[in-house]
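Residue numbering for the sequence shown follows this note's numbering, starting at 11 and increasing by one per position.
The beta carbon of each residue, even a glycine, is placed where N, CA and C say it ideally should be.
Before any comments, here is the structure.
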Amino acid sequence: MPDAFPAWVIPVVFGLMGACIGSFLNVVIYRMPRGVSVNDPARSFCPECGKPIPWFLNIPVLSWLALRGKSACCGTRISFRYCFVELLTALLFVAIGWKYADASTGAAVLLCLWTAMAIVIMFIDAEHLIVFRSQAFIGALAGTGACALYPFLLPDSHVMTWTDAFTASVLGGAAGYAVIRLVIELGKLLFGTWKQHFDVPAPWSLREPESEREELQLIVNGQPHDWSMLFHRSTDKAVLSGGSVTIDGKTHPACSVTLRYDRIEMENGDVFLLERLESVEGNLTDIHASREAMGSGDAWILMMAGCACGWQGALFSLFLGSLLGIVQAAASRMGFGRNLPFGPALLSAALIWLLGGSQWWQAYIRFISGE
């Protein structure tokens, strides 16, 4: 940072930039899971009446506060999330600018891009249990670029060249991805069976996705189960028994039904391809199915964290993220069998690493090594 600038100037600039970018992140968070283009319409619109929002009513943070959380066009209450995302992005950008811009402005800018992707992933995952790989890849590239520009992001970086840091970043991303994949496979073996019995026949149905961003769901007694969590492999299946099934208006009484990724297999040998069906519903007393212990999107998230933090930061994020996830589940009184968005916890832990957790790690290593 040039000596002519006071120390507070760059963090303030980063904060103002963060507030504006946070406003755009709100657009991405709202539109992408709903299958709405981020670019069309170009201007923000009221989520209730659809009226475009003029620029002077779309100033980050200030507009929400001035309007007291209500839409100016129709008076609909606007979620505090919009203001929170803008404020959170601004504060994180301030922290990154303060910590890194003096040493490497380029690395700080790339870390801001990484942080922006992290915020988008966190809020989409928390609301929709969806992780877009494209966002994780952008974050991973930004993290790797930041490490190459400023190797001191990584532990033991005092002996690294930029090529060493680049390699360590890529290996960190690979390690993060591999660890989660290993957890998924082990979880599948240990906890990947879903067995449930109902004393009274319970309804079930298949719910079609409402947009290209969503996926097919199995609804059992009112509870949704994502298709990708049930059918991760070609051999996975779900056996529904003790009731009847109605396929495209035709009822098949008292039969066992086997669901697979792309088809329905009937007890009598009939096979129905899902892509050709319009409606499927029925009732059951027993279900026996495979189920993922963790979503595959979490692997891409920890890959993104590993690219910015190295393999040590990836493990730190997994450990601390697991603790944060437990606290989150306890605070929300989430019961067993319910899907828990793990992405926000993982990325929160990675942000803690970037903003000081790496120093804690190095101090711990020095302590246990007796240095």
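Taking only runs of the alpha helix (DSSP H) that begin and end inside the region 121-197, which ones reach a length of at least 4 residues, in chain order? 143-159
What are the residues that DSSP puts in a beta bridge with G253? C265
For E218 and S73, I'd like the C-alpha separation in whole angstroms. 37 Å
Grouping DSSP H, G and I as helix and E and B as strand, with all else coil, what is V22? helix
Could you check how far apart the C-beta atoms of T268 and V290 are, in whole angstroms? I think they sit under 8 Å. The pair is not a contact, with the Cβ atoms about 13 Å apart (cut-off 8 Å).
Beta strand (DSSP E) segment containing M42, residue limits: Element bounds for M42: n/a, residue is neither H nor E.
Kindly indicate which three-state DSSP category I69 falls into: helix, strand or coil? coil
Quick one, which of L228, G292, F142, F176 has its alpha-carbon nearest G155's? F176
Backbone secondary structure at E288 - three-state DSSP: coil
Sorted by chain position, which residues of the same chain lie with C-beta nearer than 8 Å to K80's C-beta, five sequence neighbours on each side aside? T86, R87, I88
If you draw a straight line from the alpha carbon of Q206 to that of K260, how long is it in whole angstroms? 26 Å
Can you find at least 3 beta carbon pairs, one from the region 142-153 and one from the region 315-329, that sit closer than 8 Å? yes
With C-beta atoms as the reference, is F352 less than 9 Å away from I311? yes
The region 58-67 / the region 119-136 touching (three or more Cβ pairs under 8 Å): no
Start and end of the alpha helix (DSSP H) containing I362? 353-362
Own chain, CB closer than 8 Å to V281, minus 5 neighbours either side, in chain order: R273, I274, E275
How would you label C122, buried or exposed, when you count the other beta carbons within 10 angstroms and need 16 or more for buried? buried
Helix, strand or coil at S300 [DSSP, three-state]: strand
Going by alpha carbons, who is nearest to G149 out of A373, M313, F329? M313
Is G25 near the ligand MG, with its Cβ less than 8 Å from a heavy atom? Summarising the ligand content, the structure contains no ligands, and the ligand MG is consequently not present.
If I'm right that G186 touches A29 with Cβ under 8 Å, what's the distance once you round it to whole angstroms? Not quite, the Cβ-Cβ distance comes to about 30 Å (not below 8 Å), so this is no contact.
In angstroms with no decimal places, state the Cα-to-Cα distance between C84 and A76. 15 Å
Where L294 sits in the DSSP three-state scheme: strand
For my contact list, F103 and F34 are in at a C-beta cut-off of 8 Å; report their separation, rounded to the angstrom. No, F103 and F34 are not in contact; Cβ-Cβ is about 13 Å, not under 8 Å.
Please report the straight-line C-alpha distance between K61 and L101, rounded to a whole angstrom. 30 Å
Burial state of A373 (16 or more Cβ within 10 Å): exposed
Selected residue, minimal CA-CA separation from E224, among R44, V19, I31: R44
Going by Cα to Cα distance, which pick from A17, V95, L365, L350 is closest to D236? L350
Let's see if you can read the secondary structure: which residues bound the alpha helix (DSSP H) around I106? 90-110
Cβ pair I190, D308 closer than 9 Å: yes
Proximal residues to L240 (C-beta, below 7 Å), its chain only, five neighbours per side dropped: L228, D246, A248, A299, S300, R301
Excluding five sequence neighbours on each side, which residues of the same chain lie with their C-beta closer than 6 Å to the C-beta of V255? H262, V267, G292
Measure the C-alpha to C-alpha separation of P161 and T125 and round it to an integer number of angstroms. 18 Å
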